[in-house]
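If you read the sequences in order, they're chains D, Y, U, G, E and A.
Sequential numbering from 3 applies to the first sequence in the numbering used here.
Sequential numbering from 3 applies to the second sequence in the numbering used here.
Sequential numbering from 3 applies to the third sequence in the numbering used here.
Sequential numbering from 3 applies to the fourth sequence in the numbering used here.
Sequential numbering from 3 applies to the fifth sequence in the numbering used here.
Sequential numbering from 3 applies to the sixth sequence in the numbering used here.
Just below is one structure, and these are the notes that go with it.
There are 6 protein chains.
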Amino acid sequence: DFDYALENDIKPAFGTADDVLASFLRGGLVNWGPDVGDILKIGQSLAMETSDPQSRGFVKALFTGARNTGKTFLAAKIAKDTEFPFVKVCTPENMVGFSETAKCQVLNKMFNDAYKSPLSVLIIDNLERLLDYTPIGPRFSNLVLQALDVLLNKKPPPGHRLLVLATSSVQDFLQEVDLTSCFSKVVRVRQLHNVDEIMSVAEQSEIFDEQAMTYIRHNLNKFDKIPTIGIKSLLEMLDFVRVSDQPPQTLVQELEALVLGF
Amino acid sequence: DFDYALENDIKPAFGTADDVLASFLRGGLVNWGPDVGDILKIGQSLAMETSDPQSRGFVKALFTGARNTGKTFLAAKIAKDTEFPFVKVCTPENMVGFSETAKCQVLNKMFNDAYKSPLSVLIIDNLERLLDYTPIGPRFSNLVLQALDVLLNKKPPPGHRLLVLATSSVQDFLQEVDLTSCFSKVVRVRQLHNVDEIMSVAEQSEIFDEQAMTYIRHNLNKFDKIPTIGIKSLLEMLDFVRVSDQPPQTLVQELEALVLGF
Amino acid sequence: DFDYALENDIKPAFGTADDVLASFLRGGLVNWGPDVGDILKIGQSLAMETSDPQSRGFVKALFTGARNTGKTFLAAKIAKDTEFPFVKVCTPENMVGFSETAKCQVLNKMFNDAYKSPLSVLIIDNLERLLDYTPIGPRFSNLVLQALDVLLNKKPPPGHRLLVLATSSVQDFLQEVDLTSCFSKVVRVRQLHNVDEIMSVAEQSEIFDEQAMTYIRHNLNKFDKIPTIGIKSLLEMLDFVRVSDQPPQTLVQELEALVLGF
Amino acid sequence: DFDYALENDIKPAFGTADDVLASFLRGGLVNWGPDVGDILKIGQSLAMETSDPQSRGFVKALFTGARNTGKTFLAAKIAKDTEFPFVKVCTPENMVGFSETAKCQVLNKMFNDAYKSPLSVLIIDNLERLLDYTPIGPRFSNLVLQALDVLLNKKPPPGHRLLVLATSSVQDFLQEVDLTSCFSKVVRVRQLHNVDEIMSVAEQSEIFDEQAMTYIRHNLNKFDKIPTIGIKSLLEMLDFVRVSDQPPQTLVQELEALVLGF
Amino acid sequence: DFDYALENDIKPAFGTADDVLASFLRGGLVNWGPDVGDILKIGQSLAMETSDPQSRGFVKALFTGARNTGKTFLAAKIAKDTEFPFVKVCTPENMVGFSETAKCQVLNKMFNDAYKSPLSVLIIDNLERLLDYTPIGPRFSNLVLQALDVLLNKKPPPGHRLLVLATSSVQDFLQEVDLTSCFSKVVRVRQLHNVDEIMSVAEQSEIFDEQAMTYIRHNLNKFDKIPTIGIKSLLEMLDFVRVSDQPPQTLVQELEALVLGF
Amino acid sequence: DFDYALENDIKPAFGTADDVLASFLRGGLVNWGPDVGDILKIGQSLAMETSDPQSRGFVKALFTGARNTGKTFLAAKIAKDTEFPFVKVCTPENMVGFSETAKCQVLNKMFNDAYKSPLSVLIIDNLERLLDYTPIGPRFSNLVLQALDVLLNKKPPPGHRLLVLATSSVQDFLQEVDLTSCFSKVVRVRQLHNVDEIMSVAEQSEIFDEQAMTYIRHNLNKFDKIPTIGIKSLLEMLDFVRVSDQPPQTLVQELEALVLGF
Ligand SMILES: Nc1ncnc2c1ncn2[C@@H]1O[C@H](COP(=O)(O)OP(=O)(O)OP(=O)(O)O)[C@@H](O)[C@H]1O
Ligand SMILES: Nc1ncnc2c1ncn2[C@@H]1O[C@H](COP(=O)(O)OP(=O)(O)OP(=O)(O)O)[C@@H](O)[C@H]1O
Ligand SMILES: Nc1ncnc2c1ncn2[C@@H]1O[C@H](COP(=O)(O)OP(=O)(O)OP(=O)(O)O)[C@@H](O)[C@H]1O
Ligand SMILES: Nc1ncnc2c1ncn2[C@@H]1O[C@H](COP(=O)(O)OP(=O)(O)OP(=O)(O)O)[C@@H](O)[C@H]1O
Ligand SMILES: Nc1ncnc2c1ncn2[C@@H]1O[C@H](COP(=O)(O)OP(=O)(O)OP(=O)(O)O)[C@@H](O)[C@H]1O
Ligand SMILES: Nc1ncnc2c1ncn2[C@@H]1O[C@H](COP(=O)(O)OP(=O)(O)OP(=O)(O)O)[C@@H](O)[C@H]1O
Ligand SMILES: [Mg+2]
Ligand SMILES: [Mg+2]
Ligand SMILES: [Mg+2]
Ligand SMILES: [Mg+2]
Ligand SMILES: [Mg+2]
Ligand SMILES: [Mg+2]
């Protein structure tokens with residue numbers, strides 16, 4: 003557990019906030035539709051509000067959406083673009099197998115550290131994993147939930163300002179446990195959901211020539227239902243397609259399998 | 003846990019009762035309607051009853067209402083206005099990740115400390131967080147619940163008088179577990195629920211000129227349903243509105259979103 | 003927990019049986035109706051039966067009734083009036099945050115201590131708190147329940163006589179877990195339930211002149227339903243009424259609120 | 003717990019098998035009906051079977067019946083009458099607050115001790131308390147249940163014979179968890195269930211003269227339903243009746259209350 | 003627990019595999035019907051298959067049937083008859099009160115020990131007790147279940163052959179948790195279920211003369227339903243019958259009670 | 003537990019990845035139908051994709067199918083054929099009785115070790131046992147589930163590539179807890195499901211001459227339903243058949259029993 007790690011001074015492989023941010027941002031941004039720009043702009047406003055001297059200086063936003071839709075990437079991008087002097091990332095990736103108590107201690111420390119700087123941004127990635135949430139039961143760590151609720155409602159000390167950016171793919175659950183009421187802003191990240199958005203990503207992948215693009219669009223238009231897919235899954239699918247013998251056919255097949263439910 | 007904190011003499015950042023009270027009162031009072039004055043007056047009577055030599059000198063009041071309605075602020079204000087020689091605050095903000103046992107010890111110590119002064123006021127803020135309550139299950143700390151029930155029913159030692167002010171946003175749950183029967187007075191804190199109350203807060207925010215105010219009132223009157231919103235949420239919304247390009251329009255939009263359910 | 007307390011020799015503020023009895027009896031007796039005398043007389047008989055040489059000398063009575071009806075007061079009064087050489091009180095007030103095991107140890111010790119005297123009376127106050135009972139679930143300490151059941155069925159050693167007086171406001175639960183079958187006598191303590199009983203307490207409070215009394219009775223008689231209220235709650239209500247501007251009106255209002263369900 | 007007791011060499015007040023047997027047998031036998039003799043005779047046969055060289059020498063009997071019917075007394079009487087060289091008693095009275103593991107260790111030790119003698123009788127009193135059974139849930143110690151099942155099925159070492167006498171008032175539960183299938187004989191102990199049986203106990207109590215007896219019988223015969231009551235409860239009731247002003251009337255009242263369900 | 007036992011070098015009274023086998027086989031075999039021979043023959047085939055060089059050399063058989071049908075005896079007999087150089091017995095009799103972890107360690111060690119010999123047979127007796135199974139809930143040790151599943155699927159090291167013989171009376175449960183799919187062979191052990199089988203055991207008991215036998219058969223044939231009873235229960239019943247005054251009558255009565263459901 | 007093993011430097015009997023792989027591959031491949039080749043080919047593509055410099059280099063495949071269908075064998079074969087410089091195997095066989103925390107530590111270490119090589123393949127065998135999954139409840143280790151989810155979503159450090167091959171027979175459960183969404187590819191391993199596939203395995207077993215083969219096929223064709231059976235179970239059945247007196251008849255009987263449900 004956490005204490006063990008502390009005692010033995012075990013450093014996770016790439017632990018600093020900069021490394022984690024870099025890891026979140028690896029792969030780069032693909033502009034698949036207008037939503038991308040809109041969300042980044044909301045991000046700018048939140049940063050502005052945080053530093054506005056007339057405001058209370060404690061702004062909390064939640065990025066929700068299906069799995070693999072790019073929530074973490076967008077939160078990381080916005081955090082980086084704030085250029086606030088202090089950036090901190092709280093991610094379950096560094097807490098595998100931690101006890102509930104250890105997770106609470108990490109969360110508590112994150113907020114306390116953030117309060118040492120007059121202007122900070124704090125990413126809390128993947129709330130459902132932080133909460134050890136599983137839909138069967140449902141089960142989750144009530145201890146971590148309580149800690150999150152309290153910390154998201156505890157004002158920074160006088161003269162300190164904080165922007166919290168959290169991500170999660172289980173918004174219904176967060177609503178049920180009333181955690182959403184702790185956030186002043188909820189930002190929805192959507193899956194790609196029309197042919198143009200998919201074609202635009204396919205084009206930027208530089209796998210297909212013009213004829214192949216025509217073939218793909220033609221076939222997608224014949225589908226009964228438009229495939230919905232997160233940007234991350236689509237990019238992975240294109241990796242698979244790239245090494246195949248017949249890339250355009252394979253892409254169409256894989257998307258069709260998605261529509262038909264595998 | 004608590005013992006750990008005790009052993010290592012970890013002091014929470016702003017731990018004294020005065021600091022916590024100040025933090026609760028930061029932001030100031032906005033007089034959004036007659037309820038504000040009424041509640042403060044009830045507060046005065048409770049203080050009077052506590053110190054009345056003919057009374058039993060053990061008065062316990064519960065402030066309930068939806069989230070973000072200003073319960074904590076009002077309890078803190080009343081506590082401060084009593085000018086009793088001893089003020090103590092029990093808040094989950096200083097107990098993140100504490101075990102049930104540690105919380106019971108803190109509660110017990112709070113009451114025992116209060117009993118050292120002949121006339122004390124004790125704020126117990128956010129009962130649901132103290133109880134680690136979550137509606138799923140529901141789950142809660144039965145140990146803390148039992149401790150609260152016992153402590154709220156244990157008479158102060160002879161010659162000692164105590165006023166307890168507790169806050170909570172989950173009155174139904176407290177009723178179910180029969181904790182409300184420990185309080186002699188239940189004070190309800192409401193959300194703002196008519197256009198005049200909202201307009202009054204908007205005016206005091208000094209964001210809008212007269213024309214803007216007319217625009218806002220005109221539009222609010224066209225709503226099918228009157229938005230209900232706690233004073234804290236409304237003040238946060240105004241912070242967001244202030245940095246926007248078109249404050250009056252943004253305020254109307256945000257309130258409309260609230261009515262439509264986000 | 004208990005061991006901790008033992009090790010560090012922490013003495014609860016007013017721990018001796020005499021102090022606790024005195025605390026239970028503080029406030030004094032108000033003779034609000036015939037039940038009061040009846041119950042005290044039953045108490046005398048139980049004491050007599052305990053010391054009768056032809057009896058088995060192990061008598062166990064349970065005082066049940068709604069919250070705030072004076073159960074603890076009456077049990078304490080009866081215990082005191084026995085003038086048995088050994089009086090012991092087991093109350094959750096001194097066990098806040100104790101573990102189940104610690105509570106069992108306390109209970110066990112109480113009985114063993116009682117068995118050192120040839121003639122003892124043991125008050126076990128507030129069984130539901132001792133059992134950490136809550137209606138949600140329901141949850142309760144099965145370990146303490148088992149200990150209670152065993153101890154209430156274990157005969158005193160030869161030559162020793164014991165009267166046990168227990169109090170509880172959750173009789174249905176005790177019935178369900180079959181704990182009532184351990185008691186030879188169940189004594190019911192009622193709420194006040196007619197206008198005369200309420201008027202009698204109002205009169206003894208010395209707040210109201212004759213005209214006020216007439217006003218109150220006149221108004222109570224107009225109620226659709228007679229308010230039911232425990233003696234403790236009524237005395238607290240009168241404390242509140244005493245500091246108000248218009249005591250008779252306030253009393254009528256508060257009782258009306260009670261009838262209307264708050 | 004148990005280890006603690008072992009370490010500190012705490013001896014329960016009256017711990018030897020003889021003392022416990024004596025305590026079980028205190029109060030003496032009242033011959034309230036033919037069942038009493040029948041059960042004692044079955045006891046003799048079980049003893050005979052245990053020591054019969056042609057038998058397997060491992061006999062296990064369960065005494066069941068409602069609470070307060072004299073199960074423990076009868077098992078103790080039979081055990082004593084066997085005059086086997088080794089008698090051991092396993093009773094929850096000496097295990098208040100023991101952990102499940104400690105109880106298993108005690109049980110295990112009891113059997114192992116019994117196996118040191120060539121001919122032993124072992125009383126396991128009050129199985130439901132040993133199992134920490136409560137009907138809510140139901141809850142019980144599965145660890146103790148498993149230990150009991152294994153121990154009741156493990157043959158004594160060659161050359162050793164054992165008679166086990168267990169008592170319980172929750173036969174339905176034991177059936178459900180399949181513990182009854184471990185016993186070769188189940189003996190049912192009934193409540194008194196006709197007027198003659200009750201009159202016979204009343205007579206032996208020597209409280210009533212002939213006229214009183216006639217009065218009682220006359221009134222009992224007028225009851226709609228015959229009261230069912232265990233011998234232990236009836237004897238306790240007579241203790242209460244004895245100190246009353248009008249013993250015959252009080253007895254009739256108490257029995258009537260029983261019929262009417264309190 | 004197990005560690006405790008290890009540390010203190012506590013040896014269970016008759017712990018070696020030979021002693022346990024002998025204890026299982028004590029009482030001897032009664033040939034009550036054709037099933038007995040059939041099962042023993044299947045046992046021989048399993049042994050043959052285990053040592054056949056062309057087979058995989060890892061054979062796992064499960065003996066199921068109602069309680070008291072002789073499962074353990076038959077598994078022990080087959081194990082003994084294999085004359086494999088290494089025999090090991092895993093029985094709950096030696097693990098009373100063990101923790102789940104300790105049981106897993108024992109199981110693990112049993113298999114590892116078996117793998118030290120090129121040809122071994124391992125009895126795992128009474129799976130339901132090993133699993134701490136109870137039908138209420140149901141409850142069982144998931145840890146032990148997981149360990150069993152893994153160990154029953156882990157191939158012996160090259161050059162080692164193992165025959166596993168497990169017994170259980172809760173086949174439905176094993177099916178539900180998918181443990182039966184780990185066994186290559188399931189052998190069903192039946193209760194006696196016709197008059198001839200019962201008469202054959204009665205005859206071999208040498209209690210009854212010819213006339214008594216006629217009397218018994220005549221009466222059994224008049225029963226509405228044929229009593230079903232395991233061989234172990236029937237032999238115990240005959241022990242009881244033997245010491246009675248009228249053995250034939252007693253046997254008929256006891257069997258009738260069985261049919262009528264006690 | 004794990005720490006214990008670490009401290010005492012206990013080495014499981016055949017612990018290196020090579021030994022485990024060899025153990026998984028023991029028994030050899032039987033080409034029972036076209037699926038076998040197809041799956042091996044998909045395996046090649048996954049390896050290719052992992053090392054393709056244009057891909058993200060983090061490929062995760064799940065092999066699912068009924069019990070005993072050869073999932074582990076196929077995953078091991080594919081892993082071996084990649085000839086990646088680093089191969090690691092995570093199998094419950096080496097974690098019998100490990101605590102949840104210990105399992106998480108092993109998993110974490112496995113991934114971290116894999117990240118030390120630029121190109122690795124990691125087998126995670128038998129997810130359901132790793133998760134301590136049982137359908138009753140269902141119960142499973144949420145801690146291990148959370149660890150798996152996080153680790154399967156945490157990108158390898160820059161310059162490192164990883165192919166994960168996991169096996170499981172409980173795909174529905176994995177879907178429910180949303181673990182399948184962590185895999186980019188799901189490979190289904192089927193049972194044999196037509197007569198030709200069974201005949202082909204029978205032939206390769208070299209037990210039957212031509213006439214026997216005709217007899218078997220003739221009889222299988224008469225079945226109402228075609229038996230479905232995993233390759234592993236069929237090979238075990240043939241081991242049993244081989245030592246029988248009449249192999250063809252026995253095979254037909256055993257398959258018929260399978261169809262009739264045992
Ligand atoms: N416009 C975009 N928005 C977000 N991600 C993008 C975009 N374009 C490309 N990406 C890539 O898509 C991936 C998004 O993955 P990310 O981990 O942020 O998804 P996620 O929604 O957080 O997934 P999870 O549900 O597993 O948490 C990144 O690797 C990123 O490089
Ligand atoms: N009349 C008022 N009553 C209460 N709060 C007011 C009032 N006017 C302004 N405020 C401001 O509103 C905020 C009320 O927040 P507070 O934390 O007391 O709400 P709360 O109901 O306790 O919230 P929570 O449900 O999260 O506990 C304070 O920051 C305070 O400055
Ligand atoms: N006749 C009476 N019987 C009982 N209590 C009385 C009576 N007259 C006055 N009192 C006062 O009423 C109060 C009764 O409180 P007490 O704590 O005994 O109630 P309770 O039923 O035990 O409450 P709880 O349900 O909280 O345990 C005491 O303070 C006592 O002074
Ligand atoms: N014939 C009798 N059989 C049994 N008990 C008798 C008989 N006559 C008198 N008694 C008295 O009745 C009492 C029986 O109590 P005992 O504790 O054996 O009842 P029990 O059924 O074990 O109660 P519990 O359900 O609490 O375990 C004893 O004190 C005994 O002296
Ligand atoms: N043919 C037989 N088969 C099995 N047991 C027999 C046979 N003949 C006699 N016995 C006797 O029956 C008894 C069978 O008991 P055993 O413990 O094997 O039953 P079991 O089915 O394992 O019981 P349990 O369900 O309690 O585990 C043994 O004592 C044995 O001596
Ligand atoms: N074509 C094949 N595919 C897979 N296994 C084969 C094949 N041919 C023969 N086998 C043999 O079948 C056995 C497959 O067993 P394996 O343990 O892989 O099954 P599994 O599906 O993982 O079982 P489980 O559900 O218990 O995990 C191996 O021993 C292997 O030698
Ligand atoms: Mg993410
Ligand atoms: Mg608050
Ligand atoms: Mg009380
Ligand atoms: Mg008893
Ligand atoms: Mg057996
Ligand atoms: Mg496998």
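Just so it is clear, CB atoms sit at the ideal spot from N, CA and C, and this is done for glycine as well.
The structure displayed is predicted, hence computed values, not measured ones.
Limits of the unbroken alpha helix (DSSP H) element including residue i
i, result
"A:Thr-52", "36-53"
"G:Ser-202", "197-206"
"G:Arg-219", "212-224"
Whether residue i touches residue j by CB criterion (8 Å)
i, j, result
"D:Leu-253", "D:Val-243", "yes"
"E:Asn-110", "E:Ala-81", "no"
"G:Asp-241", "U:Arg-163", "no"
"E:Met-112", "E:Lys-105", "no"
"G:Thr-182", "G:Leu-176", "yes"
"G:Leu-49", "G:Phe-88", "A small correction: the amino acid at residue 49 of chain G is Ala; Leu does not occupy that position in the sequence shown. Cβ distance not < 8 Å, so G:Ala-49 and G:Phe-88 don't count as in contact."
Residue-level contact to chain U via CB, residue i, 8 Å cutoff
i, result
"G:Arg-244", "yes"
Interface residues of chain G facing residue i [CB-CB closer than 7 Å]
i, result
"E:Ile-138", "Pro-140, Glu-178, Val-179"
Within chain D, the residues that residue i reaches when beta carbons sit closer than 9 Å
i, result
"Y:Ser-25", "Lys-156, Lys-157, Pro-159, Pro-160"
C-beta neighbour in chain F for residue i, strict 8 Å
i, result
"Y:Glu-205", "Chain labels in this structure do not include chain F; the protein chains are D, Y, U, G, E and A."
Closer than 8 Å to chain A by CB, residue i
i, result
"D:Val-32", "no"
Residues that residue i contacts on chain U, provided the C-beta gap is smaller than 8 Å
i, result
"Y:Val-191", "Near Y:Val-191 there are no residues of chain U at all, since even the closest Cβ is about 16 Å away, more than 8 Å."
Sequence-distant residues of the same chain with beta carbon closer than 8 Å to residue i, five excluded per side
i, result
"G:Val-203", "Val-32, Trp-34, Leu-194, Ile-233, Leu-236, Leu-237, Leu-240"
Residue-level contact to chain G via CB, residue i, 8 Å cutoff
i, result
"U:Asn-144", "yes"
Any C-beta of chain E under 8 Å from that of residue i
i, result
"G:Glu-9", "Caution is warranted here: a pLDDT of 42 is assigned to G:Glu-9, below 50, making its placement in the model unreliable, and the coordinate value is therefore given only provisionally. G:Glu-9 does not count as touching chain E."
Nonlocal neighbours in the same chain, by C-beta distance under 7 Å from residue i, ignoring five residues either side
i, result
"Y:Lys-62", "Leu-154, Val-166, Cys-184, Phe-185, Ser-186"
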